[in-house]
Structures are given as structure tokens and as C-alpha cells.
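A quick write-up on the structure given underneath.
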Amino acid sequence: MRRTIIAALGALGVSAASVGLWATPAGASDVTQGSDWATHAYDGTWFDYCDGEDDNHSVWGGYYTTASSAYQTSSPVNGYCSTEFVNGVLTNLRMVEDNPSSGTNYYGAWHGYPVAGN
């Protein structure tokens, strides 16, 4: 009886772990600013970004790559999504939202180095 219980608990644990792994969304957001988000390719050569809020504020991705030490930005979008292909490999990525009533934009948290492989 004890062996049966241990075997059943072990099988339950393996099943729960596999369900947890498969339940993770494939397009999980890597960085956000409010409801705006960006998610990148595993190899860090491109990222998708979306304006997830109906507030008429443009959003864009701010990023660094291995090809340059300069801060770069994707084209702004307002109410839709886009993809940015980068020169080199992403080393850091964040979402930025325009704040039209101020000279300061809303900045999301940085993804953090390294981006590729994460």
C-alpha cells in the first residue's frame, strides 16, 4: 500500500510539472510599459512590439545591440503591433510610451543583459 501511494504521488508530481511547463505561453512578454509590450526572438535578432492601450499614445522599443553602443529606437506605433529587425544581437530592450502632456516619456524596465537566449 505504501509503495502504491508513493508511486501515485510521484506520478502526480511529474504530471503537475509537465502541465506547468506546457502552460507557459509561447509568446510571453519580455518587457512591458503598462499594457504595451515587446517580446524578442530567442536569438535576439528581432523583436515584436505592440501598443496594448487605447490611449492614443505612441509606443516604441528602445534597445542596444552588439553592433553599436548607441541607444536605438524602433518606429513608433499607435494602436497596432510591429516587428523590428536589428543589426547585430539585442543586448538590452525596453518599451517606451509617449507622454504628450510632458517632455518626459514613460519608460518600462529594461530586459537586462543578455537578451539573446532568454
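Note that the sequence shown covers residues -28 to -1, 1 to 90 in mature numbering (1 follows the signal peptide of the UniProt record, and there is no 0). From the three backbone atoms N, C-alpha and C, an ideal C-beta is built for every residue, glycine too. Computed from a predicted structure; not experimentally measured.
Per the coordinates, the alpha-carbon of Leu65 lies some 10 Å from the alpha-carbon of Tyr43. Per DSSP, the continuous beta strand (DSSP E) segment holding Asp8 begins and ends at Asp8 to His12.
In this structure, DSSP gives Tyr52 a state outside helix and strand, which the three-state scheme calls coil.
Excluding residues up to 5 positions away in sequence, Gly60, Val61 and Thr63 lie with their Cβ nearer than 7 Å to the Cβ of Thr38 in the same chain. Membership of Glu69 in the beta strand (DSSP E) is indicated by the continuous run Leu62 to Glu69. For Asp20, the enclosing beta strand (DSSP E) starts and ends at Trp18 to Cys22. Under the three-state reduction of DSSP, Tyr78 is assigned to strand. Across the structure, Gly51 and Ser41 are spaced so that their CA atoms are roughly 30 Å apart.
When secondary structure is reduced to three states using DSSP, Tyr35 falls in the strand class. Non-local beta-carbon contacts of Tyr14 in its own chain, meaning distances under 8 Å to residues more than five positions away in sequence, involve Ala88 and Gly89 in chain order. Going by C-alpha positions, Thr11 is about 16 Å away from Glu69.
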